[in-house]
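Worksheet: the structure to be examined is printed underneath.
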């Protein structure tokens with residue numbers, strides 16, 4: 006008993022199985038998350054989701070008619086706007102909905118996005134008509150077409166889901182750059 010009073014109990018980090026909250030075995034806090042985690046996750050998820058998507062096919066169609074830099078600039082502007090709205094919506098949902106149901110919904114949505122990506126997309130007649138428009142307003146035409154095509158698209162929904170768990174700015178930038186990079190591959 007005398008040695009126990011003179012020497013405190015050893016502190017072991019990480020706890021023991023089944024005794025995580027024991028004061029004798031304190032556990033370390035989780036490692037810090039860096040903004041690059043959200044950026045890289047968003048970039049990777051959106052880049053992969055965009056491969057074979059109809060907007061990537063639209064970029065290919067527009068690139069056959071307009072200069073590549075015009076198409077990339079229009080895609081970038083449209084994506085910045087759409088994904089900003091997606092991140093705002095996802096961040097608001099994270100504040101309004103309890104985390105457990107939100108995590109289940111986000112997980113199920115990612116499974117749905119995976120199946121949607123495997124299925125692939127194709128350009129319809131309306132998409133072909135938008136790509137065939139000519140004129141001096143190429144940037145506006147391409148940007149508007151991409152903006153409208155992305156509303157409700159799987160990359161928009163994936164960005165909303167990512168924004169429920171990741172910081173807003175890295176999610177917005179990562180998802181935007183991931184989408185532009187995937188569309189640039191088609192160009």
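Numbering (my numbering), first residue to last: 6 to 192.
Just so you know, even glycine gets a beta-carbon here, dropped at the ideal spot from N, CA and C.
Cα separation between residue i and residue j?
i           : j           : result
residue 68  : residue 188 : 10 Å
residue 81  : residue 181 : 7 Å
residue 55  : residue 151 : 13 Å
residue 247 : residue 159 : Given a span of 6 to 192 for the chain in the structure shown, any question on residue 247 remains unanswerable.
residue 90  : residue 47  : 15 Å
residue 167 : residue 44  : 10 Å
residue 172 : residue 109 : 19 Å
residue 124 : residue 53  : 13 Å
residue 157 : residue 83  : 14 Å
residue 101 : residue 175 : 21 Å
residue 70  : residue 185 : 18 Å
residue 94  : residue 86  : 13 Å
residue 66  : residue 98  : 35 Å
residue 169 : residue 113 : 14 Å
residue 92  : residue 165 : 6 Å
residue 116 : residue 146 : 33 Å
residue 77  : residue 96  : 27 Å
residue 179 : residue 106 : 25 Å
residue 161 : residue 88  : 6 Å
residue 183 : residue 64  : 14 Å
residue 57  : residue 75  : 21 Å
What is the residue span of the alpha helix (DSSP H) that residue i lies within?
i           : result
residue 172 : Taken as a continuous stretch (DSSP letters only), residue 172 belongs to no alpha helix (DSSP H), as it is neither H nor E.
residue 90  : 73–101
residue 147 : 143–155
Drop a sphere of 10 angstroms on the beta-carbon of residue i, count the other beta-carbons inside from all chains shown, and report buried for 16 or more, exposed for fewer.
i           : result
residue 177 : buried
residue 62  : buried
residue 111 : buried
residue 3   : Since the first and last residues shown for the chain are 6 and 192, residue 3 lies out of range.
residue 119 : exposed
residue 49  : exposed
Can you give the beta carbon distance from residue i to residue j, rounded, assuming they're within the 8 Å contact cut?
i           : j          : result
residue 163 : residue 51 : 6 Å
residue 148 : residue 79 : 4 Å
residue 154 : residue 59 : 6 Å
Threshold first: 4 residues or longer. Then list the alpha helix (DSSP H) segments lying entirely within the stretch 42–75, N to C.
59–68
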